[in-house]
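If you want this note's numbering, it's the 1-based position in the sequence shown plus 51. Quick notes on the structure that follows.
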Amino acid sequence: MAVAVDRIRSKTDWNILTISAPAAFGARWLVPRIVDFRTAHPNIQVRIDPAIRLMDPVRDGIDVVIEFSQGDYPGRQVQHLFDQAVYPVCSPRLLSGERPLRSPADLREHTLIHFDSPAGDPGWPNWQSWLRANSVAEIDPNRGPHFTSPNFTMQAILAGHGVALMAELVVENELAAGTLVRPFELPYPASFSYSALTTSAGSSNEPVGLFCDWLAREAARYVREREARIHEERPTPPVTGVTGDSPGRLPPIQRSGEAA
């Protein structure tokens, strides 16, 4: 019976592509871009499900599983998308006031917000590992609210309720807008990445192959754009020996059309 059902499904659902992805990755990265794939391949029906547990392409019948982890996927076809650093982030309001957050030791006076793995991944970023790596003692690494929703976590951080460990992709828009900041440039002491997992059989499926090719191109474009943005945002070293309002710095460049 099961074999018959599989045969029927292979004939009728050949154009259905099922993708499992972390909610934050789906909302922030995949969904805004997926329209380009659908436009290029209108006959492929795309279904995206948020990963609420550790998913497996074979066990769960998912065509493509996108994972955020340290990258150990035995027995699976793995397509690396891009690396991600994880940093403490908070509202800029926490940098001033009665208890300014200026060094890791200042976390003793602030709330630790925990973004726990929605899928129960034991290797997920956690405060205990970060505090230990940065020699911060006398802090209970488990205190503070715990969330498994990236949206709940983001709202708590934006409201100034505390500090959380977040991957770059999840907070890059807020960092660019200045609504969130990194209080110190001390990344999580382990490397993480987003990867796409398929099975050997699934990777030979035409919709899966087309999607993975598109995914690789989009990931490469994202990395190029991110590196270019980082290069543009990198501060220019001060130039000495130049007179002006600010010693050691060049006067600002006046763009065409700007009032003097």
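The C-beta atom is built at its ideal place from N, Cα and C for all residues, glycine as well. Just so it is clear, the structure is predicted and the values come from calculations on it, not from any experiment.
Three-way DSSP call (helix, strand, coil) for residue i in this model
i	result
His-282	helix
Phe-198	strand
Tyr-124	coil
Tyr-273	helix
Thr-204	helix
Leu-182	helix
Ala-241	coil
Phe-262	helix
Ile-70	strand
Thr-90	helix
Val-290	Any reading at Val-290 is ruled out, since the residue's pLDDT is 45, under 50, leaving its predicted position unreliable.
Ile-190	coil
Asp-167	coil
Ile-85	helix
Leu-132	strand
Glu-236	coil
Leu-248	strand
Cβ-based burial, residue i [other Cβ within 10 Å; buried from 16]
i	result
Ala-75	buried
Gly-213	buried
Glu-96	It is worth fixing the name first, because residue 96 is Gln in this sequence and not Glu. The residue is exposed, with fewer than 16 neighbouring Cβ atoms inside 10 Å.
Val-290	In this predicted model, Val-290 has a pLDDT of only 45, less than 50, meaning its place in the structure is not dependable; the value taken from the coordinates is given anyway. So Val-290 counts as exposed.
His-197	exposed
Arg-272	exposed
Ile-208	buried
Trp-65	exposed
Thr-250	buried
Gln-206	exposed
Asp-87	exposed
His-282	exposed
Val-82	exposed
Ser-246	buried
Gln-135	buried
Residue i: first and last residue of the uninterrupted alpha helix (DSSP H) it sits in
i	result
Asp-100	Looking at the DSSP string, Asp-100 is not in any alpha helix (DSSP H); the run it does join, the beta strand (DSSP E), is 96-101.
Within-8 Å CB hit, residue i to chain D
i	result
Val-115	Looking at the structure shown, chain D is missing, and only one protein chain is on hand.
Supposed contact pair residue j and residue i - C-beta distance, whole angstroms, cut 8 Å
i	j	result
Ile-117	Arg-98	Not a contact, Cβ separation roughly 13 Å.
Leu-158	Ile-190	6 Å
Ser-244	His-131	6 Å
Trp-175	Ser-186	The pair is not a contact, with the Cβ atoms about 22 Å apart (cut-off 8 Å).
Val-137	Tyr-239	4 Å
Pro-201	Phe-166	7 Å
Boundaries (first-last residue) of the beta strand (DSSP E) holding residue i
i	result
Leu-152	Neither: Leu-152 is in no beta strand (DSSP E) and is coded neither H nor E.
Leu-216	214-218
Val-137	137-140
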